[in-house]
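Numbering that gives the first Met the number 0 puts the first residue of the sequence shown at 0, with every later residue one more than the last.
As structure tokens, the structure follows; a few thoughts come after it.
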Amino acid sequence: MTTERAEGLVQVIIMLAIGAMAGAASFTHVHDVTVAHGQPNWIGWANAVVVELMSIALGLELRRRARTHRPTAFVGTALLFFVAVSLAAQVVEAERSVIGWLAAALPAIGFLVLAKVVLSRTAAVTITATTSEPATADTTTSSLMPDRPVTTDLVHTADNRRPHDLRGEQLDELDGEQHAQADELVGEHITDATATEQDASAPLVPAAADTSPPAVVDLPAHLLPTARFSIVNHQQTTGRPITAPELATRMSIGLDTAGQLLHAVTGHTEQHEQPVRVNGTPIGGTR
């Protein structure tokens with residue numbers, strides 16, 4: 000790692016030196032040619048800046064467009080034009096021979112070749128990093144996944160969430176006043192909720208349409224916070240207590256479970272008729 004860093008530092012120093020010399024030579028040639036053909040001195044420097052910086056800017060834009068798979072014909076043509084102008088300005092006053100032209104254009108050619116090599120290496124490094132990024136992301140995600148889900152009354156993992164569990168998150172949107180009203184309404188029934196869960200084997204009130212006792216349904220403790228929120232919210236919204244069918248609809252749960260939750264939270268036991276089913280579809284009840 001130290002050797003690579005040292006080589007990179009040496010290369011940067013060499014590039015800066017070549018760039019400074021090539022820039023000075025190119026600027027001087029373009030300036031001198033402009034002034035020699037009747038333009039003021041400041042326009043000579045303006046032309047030098049435009050020609051040289053346009054070549055660099057167009058080269059970067061061409062590389063960006065190629066990386067994003069966009070059309071490069073216009074940018075490539077413009078780049079060739081400005082490079083040709085720069086080289087022409089450097090060789091126009093040189094000796095009329097191949098050696099003279101090469102000597103005049105050598106600084107600019109050397110800088111262009113070195114810049115091309117460095118940009119090609121940078122593109123290769125970028126492609127390699129992009130290819131290895133998905134594996135790194137998967138590893139990071141795996142390392143962040145817990146060994147087992149963390150469950151509380153109001154927090155569930157994303158894989159174990161149910162529609163009625165998500166409604167419990169709405170408790171975070173209650174302001175301080177609603178929290179106080181909710182605590183005042185259900186505070187004395189919290190102890191009853193635990194007792195109800197332990198005594199879930201007690202027989203339920205039989206349905207009016209069926210004289211046989213209903214099946215015992217275990218009361219899920221994690222539904223109590225959502226039930227308390229739904230009961231308080233319904234009371235505040237409508238001004239009347241919620242019924243078991245309404246609670247079942249809000250929480251997308253069974254009618255028997257809704258009745259148990261209503262009893263656990265408010266201490267009220269509501270008798271309800273079993274919904275009449277037609278072709279397996281309940282009428283007047285909840286699915």
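Glycine included, C-beta positions come from ideal geometry on N, C-alpha and C.
What you are looking at is a predicted structure, and each value in this text was computed from that prediction instead of being measured.
Three-way DSSP call (helix, strand, coil) for residue i in this model
| i | result |
| --- | --- |
| Leu113 | helix |
| Ser142 | A caution first: Ser142 carries a pLDDT of 47, below 50, which makes its placement in the model unreliable, though a value can still be read off. Ser142 falls in the helix class under three-state DSSP. |
| Ser91 | Reading off the sequence shown, one finds Val at residue 91, where the question assumed Ser. Three-state DSSP puts Val91 in coil, outside helix and strand. |
| His309 | Since the first and last residues shown for the chain are 0 and 286, residue 309 lies out of range. |
| Gly238 | coil |
| Ile12 | helix |
| Ser96 | coil |
| His68 | coil |
| Gly18 | helix |
| Asp158 | Only weak support is given to the placement of Asp158: the predicted model assigns it a pLDDT of 45, under 50, and the question is left unresolved by the model. |
| Pro212 | Note that Pro212 scores a pLDDT of 46, beneath 50, so its modelled location is shaky and nothing firm can be said. |
| Pro219 | coil |
| Gly253 | coil |
| Gly258 | helix |
| Gly7 | helix |
| Gly266 | coil |
Residue i versus residue j - alpha carbon distance
| i | j | result |
| --- | --- | --- |
| Ile13 | Ala87 | 26 Å |
| Leu101 | Ala107 | 10 Å |
| Leu246 | Thr67 | 54 Å |
| Leu15 | Ala65 | 26 Å |
| Arg69 | Pro39 | 40 Å |
| His221 | Gln259 | 13 Å |
| Leu261 | Ala243 | 7 Å |
| Val231 | Ile252 | 18 Å |
Beta-carbon gap between residue i and residue j smaller than 8 Å
| i | j | result |
| --- | --- | --- |
| Val91 | Val48 | no |
| Leu113 | Ile17 | yes |
| Gly22 | Val34 | no |
| Gln234 | Ile241 | yes |
| Leu61 | Val74 | yes |
| Leu257 | Leu218 | The sequence shown places Ala at residue 257, not Leu. Against a cut-off of 8 Å, the Cβ pair of Leu218 and Ala257 comes out as no contact. |
| His28 | Gln89 | yes |
Option nearest residue i by Cα separation, candidates the options
| i | options | result |
| --- | --- | --- |
| Thr265 | His233, Arg227, Glu51 and Thr237 | Arg227 |
| Leu223 | Met250, Ile98 and Asn40 | Met250 |
| Met53 | Pro70, Phe26, His36 and Gly37 | Phe26 |
| Ala56 | Gly109, Val29 and Val82 | Val82 |
| Gln10 | Leu61, Val116, Arg69 and Ser85 | Val116 |
| Gly58 | Asn46, Asn232, Ala19 and Ala77 | Ala77 |
| Leu111 | Ala93, Arg239 and Leu79 | Leu79 |
| Ala93 | Val84, Asp255 and Ala103 | Ala103 |
| Ala24 | Thr237, Thr248 and Gly109 | Gly109 |
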